[in-house]
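*Asks:* Heads up: the sequence shown begins at 2 in this note's numbering, then just goes up one per residue.
Every residue gets a Cβ at the ideal spot worked out from N, C-alpha and C, and that includes glycine.
Bear in mind the structure is a predicted one, so any value in this text is a computation, not a measurement.
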Amino acid sequence: MSISVNAPGLVGKSVKDENEKEIGKVVSFLIDSSGQPQEALVETVQGQLARYPFDLLDMVKDEIIVVSDVAKKIESLTEQLPKIRKKRNILDKLAANKVISSGIYDNLCKEFDKALKEMRNEAQTLIEAVDKQVKAQDEQLKTLQLARAFLEIEHGIGTINEETYQQSIITILREVKNTQQTKLSLLRAKDKIADALLEEKEEPKPEPAEEKKVEAAEASPEVKNEIATQSKESKQTLTVRVTEG
């Protein structure tokens, strides 16, 4: 959702990531040559200034949520793919019912099929990107586990006092929770893409009326032979020999 409508009213608002981890607050906006805000200038919790494009920002109540570029692309893809697929299926029905000419049907088919192919390729690219991010989260969890193991061991033998141990372990556990939430969000996003692609494979396409007529007219060789045999037998006549008494 674009938040450029009331940019001045967003100055001072809290900014968080997708897992509700605080990033900082909006201090100003960067505008283009026409005066339209293009980026938010955010003071992070570390006291640094960071820039975030508007297309990666969403408003949730009174907070601004920064979504990842991959998450934004997944949202767009899973929204557009079913629409294009539905239009393509409607086109097949129009052709089957002879509402449109074969020429128009072929031209539109090329456009829709091209769009669908590009979306499938993008979906595969996004899945690979998500897999890499999931792997990174797994590595982060291993790192945090090693860090916790060190704390537990040293605290256990008395080389780290209780207060220092508690402060450090809280920080590590908080980061473990954030990392697990990030991984879960990534896996859900991957499932969302997979579901969209699965629905496309499961959805049957209607056959054009002309093809059905051809199939009905073209009988199998076995059927043709059976029909020919029956026709031949029906034409055979009985020869009656008359003998004089």
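1) Per DSSP, V131 forms a beta bridge with which residues?
2) Suppose you measure from the CA of K74 to the CA of Q146; what does that come to, to the nearest Å?
3) Who does P9 pair with in a DSSP beta bridge?
4) Quick check on the burial criterion: 16 or more other C-beta atoms within 10 angstroms. Buried or exposed for A197?
5) Quick check on this structure: which residue in S186, K184 and F151 has the alpha carbon closest to the alpha carbon of S169?
6) To the nearest angstrom, how far is it from the Cα of I158 to the Cα of K184?
7) Taking the DSSP output, what are the residues bridged to E59?
8) Given a threshold of 16 other Cβ atoms within 10 Å of its Cβ, counted over all protein chains shown, does R189 qualify as buried or as exposed?
9) Who are the Cβ neighbours of E1 in its own chain at under 8 angstroms, not counting the five residues just before and after it?
10) Starting from K17 and walking both ways along the beta strand (DSSP E), at which residues does that stretch end?
11) What would DSSP say about T160, mapped onto helix, strand or coil?
12) Return yes when the Cβ of T79 is within less than 8 angstroms of the Cβ of K193, no when it is not.
*Replies:* Inspection of the coordinates gives the following:
1) Note: V131 sits in no beta bridge, so no partner.
2) Roughly 32 angstroms separates the two Cα atoms.
3) Bridge partners of P9 according to DSSP: none are assigned.
4) A197 comes out buried.
5) Per the C-alpha coordinates, the member of S186, K184 and F151 positioned closest to S169 is F151.
6) Cα to Cα, I158 sits roughly 34 angstroms from K184.
7) A small fix is needed here, since residue 59 is Asp in this sequence, not Glu. According to DSSP, D59 bridges with I66.
8) Its Cβ having fewer than 16 others within 10 Å, R189 is exposed.
9) No information on residue 1 is available, as it lies outside the stretch 2 to 246 that the chain covers here.
10) It spans S15 to D18 - the beta strand (DSSP E) in which K17 sits, taken as one unbroken run.
11) Three-state result, T160: coil.
12) Yes; because the gap between Cβ atoms is below 8 angstroms, this pair is in contact.
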